[in-house]
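Participant:
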Amino acid sequence: LNIAAIATVAFALTPLAAQTARLSDAQARSEATAAELRERALESNFAYEFLRRLTDFGPRLAGSRGERAAAAWVSQEWRSLGFRNVQSEPFPLLLWQRNEETAEVVSPHPQKLRATALGGSPATPPEGIVGEVAIFKTLDDLSNVPRGSLSGKIAMLDYHMPRTESGQGYNIATAGRSAGPGAAADAGAAAFVMRSAGTDAGRSPHAGLTRYRGSSAPIPAFALSAMDANQIERLAERGPVRLRLWSNASSQPAQSQNVIAEIPGVEHPEQIVVVGAHLDSWDLGTGAVDDAAGVAVITAAAKLISQMPRRPRRTIRLVSFGAEEVSQPADPFGLFGATAYAKTHSSDLHRYVVASESDLGADRIYGLDLPAGAASTAFGQQVQRVMLPLGIIVEAETPPNGGADFLPLQTAGVPIFLLKQDATRYFDLHHTELDTFDEVEKGQLDQNVAAWAALLWLIANGDVDFRETLPRPNQ
Ligand SMILES: [Zn+2]
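Position one of the sequence shown corresponds to residue 33 (the numbering used here), numbered consecutively onward.
Now the structure itself:
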């Protein structure tokens, strides 16, 4: 808790009458509607059922049949819920397929390992790759070894990701996963392995994308489960460890798609509040927390709003992004659905009031970052009153980002907000075979829907121009 948060709580605890006195009748009615939406969300089964049906499709790897079928189903559901302007926007991509893979210790004590090829990794030669492991604790350590010094070896990045409520620490892991294989290749390594980017102590490796930006040819890259990384650490304390890695991963041209729907505003349909989640998942589980949950949350929130007697003043647009988990070589953000969306809609970016994504699992929301300057306004105080019964504190005024899929919009100047989810458990599950419907807790999922429904209503039915509240460059 910081000082700003304490100040916000103190405000929220001042007598209600004193606060509501400053509201117009319309604002007071809007706040009452937001509170009603919040309570309805907590009594609904919709998000949980929607999530169950979405995970029934199985894994939804970008460009796969599973992703395509799930996207078609989402389109159909959004239409049947009465959402308007539902459309699917296809874009081409390379479908990377894992196929089969094995990893084992060859010496000193032969044994099988639990490992998974990183997305984008090339296949090994048919006979596999055998080499001695060279362990590095940080990406910097690996990047600083002289060229050629790892010739014939298997470079292992052994970063232990900490468990945090915010999920901080994952960015260090992804930096290693993205740049590690290229750094290893530049040093002459034959292959790259890493301790999985995760917080669990179990035997399920975490998939994830790698990118090859170095000057060297790409080398096969794998993630080891935490237990298997521990085993290699212990073996390496006593002497050289040799591994054998094998993969027949392949790539082929395919197609993914963003799906879009709207609840048109009644007064300012041209002003768009855009919210998203990504439909694609990794292939080892069924992508329940990453990110079927996000699609379920925004759908459920929009459904509740669409069922109110009066629609909000501004347009709410939903985007179910394709291909968030995989990158494309020519894509500066490595977020192909996101960049496809930003390109397709580049001419109407000035109409976006604010943007945000739900993409950190299905556990409870504890904080909210509003666009800069907004938290201290009457609007921000109204939001705090509606969020407080959910245990959500308006914490800061500068969200670091509003979700990966809106990075291109954020870069283009669209204001963002961030509903901050408890990520304590998230990185035990994410990108593993354990990311399934069974891990989702309905009560926490519904708390997410309640927060999204109430906040979306207040923004879409309000008149705050978040671009105006942003600090100007010369101030
Ligand atoms: Zn995700």
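For each residue, glycine too, the CB sits at the ideal point set by N, CA and C.
In this text, all values refer to a predicted model and were calculated from it rather than measured experimentally.
Are the segment 62 to 70 and the segment 414 to 431 touching by the rule of at least three beta carbon pairs closer than 8 Å?
Facilitator: yes
Participant: Between which two residues does the beta strand (DSSP E) carrying R227 extend?
Facilitator: A223 to R227
Participant: If you drop the 5 nearest sequence neighbours on each side, which residues of the same chain put their C-beta closer than 7 Å to that of L86?
Facilitator: Within the same chain, L86 has close Cβ partners A102, A324, V327 and A328.
Participant: Sort out for me which residues DSSP pairs M188 with in a bridge.
Facilitator: I167 and V225
Participant: Among the residues of its own chain, which have a CB less than 7 Å from the CB of A221, if the five just before and after it don't count?
Facilitator: L182, K185, I186, A187 and I251
Participant: Between H377 and ligand 1, is there a pair consisting of the residue's CB and a ligand heavy atom that are separated by less than 7 Å?
Facilitator: no
Participant: Mapping the DSSP letters down to three states, classify Y80 as helix, strand or coil.
Facilitator: In the structure shown, Y80 sits in a helix (DSSP, three-state: H, G or I).
Participant: Quick one: using the 10 Å Cβ neighbour count with 16 as the cut-off for buried, is P431 buried or exposed?
Facilitator: buried
Participant: Beta-carbon separation of S257 and G114 under 8 Å?
Facilitator: In this structure, S257 keeps its C-beta atom at 8 Å or more from the C-beta atom of G114.
Participant: Express the C-alpha separation of D172 and A387 in angstroms, rounding to a whole number.
Facilitator: 34 Å
Participant: Can you tell me whether W110 is helix, strand or coil according to DSSP?
Facilitator: helix
Participant: Counting beta carbon pairs with one atom in the segment 438 to 452 and one in the segment 385 to 399, are three or more of them shorter than 8 Å?
Facilitator: yes
Participant: Mind checking N480: buried by the 16 CB within 10 Å criterion, or exposed?
Facilitator: buried
Participant: Tell whether a beta-carbon distance below 8 Å holds between A94 and V351.
Facilitator: no
Participant: With distances taken from CA atoms, which of G271, Q284 and I348 is nearest I292?
Facilitator: I348
Participant: Would you check if the distance between the CB atom of D401 and the CB atom of K452 is smaller than 8 Å?
Facilitator: yes
Participant: Would you decide whether A53 is buried or exposed? Buried here means 16 or more other CB atoms lie within 10 Å of its CB.
Facilitator: Since pLDDT at A53 reaches only 46, below the 50 mark, its modelled position is unreliable, and the value read off the structure follows with that caveat. Exposure of A53 is indicated by the presence of fewer than 16 other C-beta atoms within 10 angstroms of its C-beta.
Participant: Output the distance between the C-alpha atoms of T464 and S228, rounded to the nearest integer angstrom.
Facilitator: 10 Å
Participant: Taking the CB atoms as reference points, tell me whether R146 and P237 lie closer together than 8 Å.
Facilitator: yes
Participant: What three-state label does DSSP hand E71 in the structure shown?
Facilitator: It is helical.
Participant: With respect to 7 Å, is the separation between the Cβ of H310 and the closest non-hydrogen atom of ligand 1 below this value?
Facilitator: yes
Participant: Evaluate contact between the segment 292 to 307 and the segment 483 to 494, counting only Cβ atoms and requiring at least three cross-stretch pairs below 8 Å.
Facilitator: By the criterion of at least three beta-carbon pairs nearer than 8 Å, the segment 292 to 307 is in contact with the segment 483 to 494.
Participant: Given Y202, which residues of its chain have a CB within under 7 Å of its CB, disregarding the five upstream and five downstream residues?
Facilitator: M193, A229 and F459
Participant: Looking only at its chain, what residues have a beta carbon closer than 7 Å to the beta carbon of T231, apart from the 5 residues adjacent to it on each side?
Facilitator: M193, R195, F459 and D460
Participant: How many angstroms separate the CA atom of V496 from the CA atom of Q287?
Facilitator: If I take the Cα positions, the gap works out to 38 Å.
Participant: Rounded C-beta distance between W128 and G90? I'm assuming under 8 Å.
Facilitator: Contact between W128 and G90 is absent: CB atoms are separated by about 17 Å, not below the 8 Å threshold.
Participant: Would you mind stating whether E99 and G354 have Cβ atoms separated by less than 8 Å?
Facilitator: Inclusion of E99 and G354 in the CB contact set at 8 Å is warranted, their separation being smaller than that value.
Participant: When you measure from the CB of D497 to every non-hydrogen atom of ligand 1, does any distance come out below 7 Å?
Facilitator: no
Participant: In terms of residue numbering, what span does the beta strand (DSSP E) encompassing D401 cover?
Facilitator: Counting along the chain, the beta strand (DSSP E) containing D401 begins and ends at I397 to D401.
Participant: Please report the straight-line C-alpha distance between R116 and H310, rounded to a whole angstrom.
Facilitator: 20 Å
Participant: Name the residue from P154, D190 and S248 whose alpha carbon lies nearest to the alpha carbon of R179.
Facilitator: Ranking P154, D190 and S248 by CA distance to the CA of R179 puts S248 first.
Participant: What's the gap between the Cα of Q140 and the Cα of A255?
Facilitator: Contrary to the premise, residue 140 reads as Pro rather than Gln in this sequence. Each residue's Cα considered, the two are about 21 Å apart.
Participant: Under a Cβ-count criterion, where at least 16 other Cβ atoms within 10 Å of its own Cβ denotes burial, should Q414 be classed as buried or exposed?
Facilitator: buried
Participant: Considering only residues of the same chain and omitting the five flanking positions on each side of V234, which have a CB-CB separation below 7 Å?
Facilitator: The sequence shown places Gly at residue 234, rather than the Val named in the question. Cβ neighbours of G234 beyond the five flanking positions: S257, A258 and M259.
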